[in-house]
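**Student:** In my numbering, each number is its position in the sequence shown, counted from 1, plus 34. Have a look at this one.
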Amino acid sequence: MNTLLFPKMGATQAFVVALFFTLTQAIVFGGTYPNGGFEESTPSRDLGAGVDSTGFAAINTATGPVPGANGGFSNENLAFSVSVADLNTDGLPDIAAMDGFGVLRIYFNSGTKTETKFTHAETTSYNLYPAPIPTTYVTPHDPAYHAYMNAIYFKTGQRISLFNDGNFGSEYNLLATTAQGRMFYFPNTGTEKKPDFKAPDKIEETPVKTGSFPFLAQALSPFVVDWNKDRKIDVIYGEGSYSANSIFILLNKSATISKFEDNDRHLLASGMGMEQLSPCVVDYNGDGQPDLLVTERGGRIAVYLSPATPWKPGDTIPFHTFLTKDGALPQGVPPIDDKKPRDPFDIYKATNLLNTGGISTIATGDFNDDKLFDLVVGKTNGRIAIAINTGTATEPKFAALNDLKLETTSVDIAKPTSWQLQIGEASGNFGAFAGAVKADAIPGIQPTEGAAFLHLGYSKKANVVMDAPAYRAPKVKDTEGQSFTPGTFVISGPAPFKAGKKYAFSFSARGNRVKNAKITVYARFAGGGTVTETVVQTKRGSATATDVVGREAVDLGLHEVFTVTDKWKKITTKEAIYGGKIPEALMNTDPIRGAAVIAVTLEPGVGDFSIDDFQIIEK
35 MNTLLFPKMG
45 ATQAFVVALF
55 FTLTQAIVFG
65 GTYPNGGFEE
75 STPSRDLGAG
85 VDSTGFAAIN
95 TATGPVPGAN
105 GGFSNENLAF
115 SVSVADLNTD
125 GLPDIAAMDG
135 FGVLRIYFNS
145 GTKTETKFTH
155 AETTSYNLYP
165 APIPTTYVTP
175 HDPAYHAYMN
185 AIYFKTGQRI
195 SLFNDGNFGS
205 EYNLLATTAQ
215 GRMFYFPNTG
225 TEKKPDFKAP
235 DKIEETPVKT
245 GSFPFLAQAL
255 SPFVVDWNKD
265 RKIDVIYGEG
275 SYSANSIFIL
285 LNKSATISKF
295 EDNDRHLLAS
305 GMGMEQLSPC
315 VVDYNGDGQP
325 DLLVTERGGR
335 IAVYLSPATP
345 WKPGDTIPFH
355 TFLTKDGALP
365 QGVPPIDDKK
375 PRDPFDIYKA
385 TNLLNTGGIS
395 TIATGDFNDD
405 KLFDLVVGKT
415 NGRIAIAINT
425 GTATEPKFAA
435 LNDLKLETTS
445 VDIAKPTSWQ
455 LQIGEASGNF
465 GAFAGAVKAD
475 AIPGIQPTEG
485 AAFLHLGYSK
495 KANVVMDAPA
505 YRAPKVKDTE
515 GQSFTPGTFV
525 ISGPAPFKAG
535 KKYAFSFSAR
545 GNRVKNAKIT
555 VYARFAGGGT
565 VTETVVQTKR
575 GSATATDVVG
585 REAVDLGLHE
595 VFTVTDKWKK
605 ITTKEAIYGG
615 KIPEALMNTD
625 PIRGAAVIAV
635 TLEPGVGDFS
645 IDDFQIIEK
């Protein structure tokens, strides 16, 4: 990677909206930039309210490195995390979902005890590791690049568990973990009827102490429960640190989750070769003992049954089976021999197993008031699925995992071709929207030419049960090339500049509650440089690190502030010029490439900005 490529991913504090784009076609005299009128577009899902255009509950997922059986790492879809609790004390189970970029949403159940009803998801104020967005063209050696990627590294693949510790009323608190093995406690900063989970001050610097190691486990996935029935909540977690993973327990010595020592950690269940394990606890067979349901990398759901005797440290829970359709015996594999310990790989290839589709998470709740636990899973395709238990308290049965249908739909975003949009999900830009819109789509705003324009603003699907999410105020002031204020929109794509030529930009813009706006222009040499690859060996396997040295970036001297009103305004910038020569070593390589950046500061949740008829003029 030789330029920053943003992942697909998310008091009145202003936030920054930055349009980062690189010129993608040959420059012509007085020419219109290809698709500068935003007429051409392709549909893209808008999952800001946790629902897709077909009405299914859907969440953004992210990819990340996970250890594999070969000892190395591979990028895998990390799905997303789900948890079930009655979060507004109406007696109905609600579903919380943490998406791949660290945005926590809640689907409130507005149905009855026997029939669920979910509309769109509501967004909480949760924002761990907000990513500072570069507002210039950056390379992997730039500090702004490292700051952004470090935040993304910790932000993607978070997992959650809601819990009530029994000490402070009926509200639920939150335990969150990162894929790298850090654990964080989020108290409910709302109420028992209007929950919220605002980030405590300096929370990134104060993770829950989990022993002498700074990171507990790779691909950490928690579940909070009083496992040993001593009236202290414990943390059970699955992990993915090696190719063969296991389930562990952190036994708590206090009434709340605060810290754990090395001797508080115990093996609870062996993964026996299964990978990327995510557990939840339930009494599976009605004997009064806590059992485990565990999702694994291949999408199967493993069952671990506790013995009748009370658990004590050092005891491990044996594998029992995988969930099958309608509770039938595993088909297409040899019969289970109950005279020997069960091995998951004896039935791993059974043809009638329930399957989530890959790495996933699991939770349980009673969604039809029959006193039986039902399943909720977060799938790799971004959808939430529910399986209703049609069995008994001692013999559960699940016919299928059915994707959760909501009472509303979303409208796909029109993503303009030749442009790439990034709306700052990873920065906590809650409810942000960016897309090409047609005439009359937004009352009172018409394109200046053609039939479309690019519009930035906020979703109209507001929170109903909860208050609007609060934007997390940045602790560091923005710099010339980096925004710490939540919400950077990015549009990008490369194109050549010519040495010695002058360039100006013109476009029409308008907006409401726009605090400031600025355009800057940069160039860099696309060719040259030396690529080195180094294989790094770790306890968790090997990884290849790629580095490029010798790139050069040039500031073309255009740093121009402009103003907008609620009416369209034609803006033409001063000239930008690169007067230097191309280094001899780059004469026969890729051309110089340029980048323009428009940064617009809006009032959060209410501001909007539009741009149309973007042109570039070569002189």
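Glycine included, every Cβ here is placed at the ideal spot set by N, Cα and C.
Under 8 angstroms by Cβ, that's how I've got residue 68 and residue 452 pegged, so tell me the actual separation to the nearest angstrom.
**Tutor:** 5 angstroms
**Student:** For a quick check, are the C-beta atoms of residue 327 and residue 406 less than 9 angstroms apart?
**Tutor:** no
**Student:** Roughly how many whole angstroms lie between the Cα atoms of residue 646 and residue 556?
**Tutor:** 21 angstroms
**Student:** Starting from residue 177 and walking both ways along the alpha helix (DSSP H), at which residues does that stretch end?
**Tutor:** 177-189
**Student:** Using three-state DSSP, classify residue 461 as helix, strand or coil.
**Tutor:** Reduced to three states, the DSSP call for residue 461 is helix.
**Student:** Would you kindly report the start and end of the unbroken beta strand (DSSP E) that includes residue 154?
**Tutor:** No beta strand (DSSP E) contains residue 154, which DSSP labels as neither H nor E.
**Student:** What runs of the beta strand (DSSP E), each 3 residues or longer, lie entirely inside the segment 239-312?
**Tutor:** 255-259, 268-272, 280-284, 299-304
**Student:** What does the alpha-carbon distance come out to for the pair residue 273 and residue 238?
**Tutor:** 21 angstroms
**Student:** Taking the C-alpha atoms as reference points, what is the distance between residue 281 and residue 354?
**Tutor:** 15 angstroms
**Student:** Between the Cα of residue 337 and those of 306, 231, 469, 206, spot the shortest distance and give me the residue it belongs to.
**Tutor:** 306
**Student:** In whole angstroms, what is the alpha-carbon distance linking residue 70 and residue 641?
**Tutor:** Taking the straight line joining both Cα atoms gives about 23 angstroms.
**Student:** Could you pull the DSSP bridge partners for residue 404 from this structure?
**Tutor:** Paired residues: none, contrary to the question.
**Student:** Could you name the residues that DSSP lists as bridge partners for residue 116?
**Tutor:** Answer is 131.
**Student:** Flag this pair as touching only if the segment 173-184 and the segment 143-159 have three or more C-beta atom pairs under 8 angstroms; answer yes or no.
**Tutor:** no
**Student:** Return yes when the Cβ of residue 444 is within less than 9 angstroms of the Cβ of residue 86, no when it is not.
**Tutor:** yes
**Student:** Compare the C-alpha of residue 342 against each of 329, 321, 433, 357 and name the closest.
**Tutor:** By alpha-carbon distance to residue 342, the top candidate from 329, 321, 433, 357 is 321.
**Student:** Residue 523 and residue 462 - do their beta-carbons sit closer together than 9 angstroms?
**Tutor:** In this structure, residue 523 does not lie closer than 9 angstroms to residue 462 by Cβ.
**Student:** Count the other C-beta atoms from every protein chain shown that fall within 10 angstroms of the C-beta of residue 366, then say buried if there are 16 or more, exposed otherwise.
**Tutor:** exposed
**Student:** So, using beta-carbon positions, are residue 133 and residue 81 closer together than 9 angstroms?
**Tutor:** yes
**Student:** Using a Cβ-Cβ cutoff of less than 7 angstroms, which residues in the same chain neighbour residue 340 once the five nearest sequence positions on both sides are dropped?
**Tutor:** 323, 324, 325, 351
**Student:** Going residue by residue through the segment 436-507, where are the continuous beta strand (DSSP E) segments of at least 3 residues, counting only ones entirely within it?
**Tutor:** For the segment 436-507, whole beta strand (DSSP E) runs of length 3 or above, ordered along the chain, are 447-450, 466-472, 486-492.
**Student:** Among 166, 191, 473, 193, which has the Cα closest to the Cα of residue 182?
**Tutor:** Residue 182 has its Cα closest to that of 166, out of 166, 191, 473, 193.
**Student:** For residue 432, name the three-state secondary structure that DSSP assigns.
**Tutor:** DSSP places residue 432 in the strand class (E or B) of the three-state scheme.
**Student:** From 637, 610, 470, 539, pick the residue whose C-alpha is nearest to that of residue 546; which is it?
**Tutor:** 637
**Student:** Using the C-alpha atoms, what's the distance from residue 218 back to residue 233?
**Tutor:** 10 angstroms
**Student:** Using C-beta distances below 7 angstroms, list every residue in its chain close to residue 73, excluding the 5 sequence neighbours before and after it, in chain order.
**Tutor:** 484, 485, 486
**Student:** Considering residue 100, what are the terminal residues of the beta strand (DSSP E) in which it resides?
**Tutor:** 97-101
**Student:** Out of curiosity, what's the CA-to-CA distance linking residue 269 and residue 170?
**Tutor:** Going by the C-alpha atoms only, they are around 43 angstroms apart.
**Student:** Hey, how far is the Cα of residue 59 from the Cα of residue 467?
**Tutor:** Model confidence at residue 59 stands at a pLDDT of 35, short of 50, so the residue's coordinates are unreliable and nothing is read from them.
**Student:** Assuming residue 126 and residue 120 make a contact with CB atoms under 8 angstroms, what is their CB distance in whole Å?
**Tutor:** Residue 126 to residue 120, Cβ: 6 angstroms. Contact.
**Student:** Determine the contact status of residue 147 and residue 460, defining contact as a CB-CB distance below 9 angstroms.
**Tutor:** no
**Student:** Which residues in the same chain have their Cβ closer than 8 angstroms to the Cβ of residue 245, if we skip the five residues on either side of it in sequence?
**Tutor:** 294, 295, 296, 298, 299
**Student:** Under a three-way DSSP split, which group does residue 237 fall into?
**Tutor:** helix
**Student:** Does residue 180 pass the burial test, meaning 16 or more other C-beta atoms within 10 Å, or should it be called exposed?
**Tutor:** exposed
**Student:** When the cut-off is 9 angstroms and only beta carbons count, does residue 453 lie next to chain C?
**Tutor:** In the displayed structure, chain C is absent; only one protein chain is listed.
**Student:** Measuring CB to CB, does residue 229 end up less than 9 angstroms from residue 402?
**Tutor:** no
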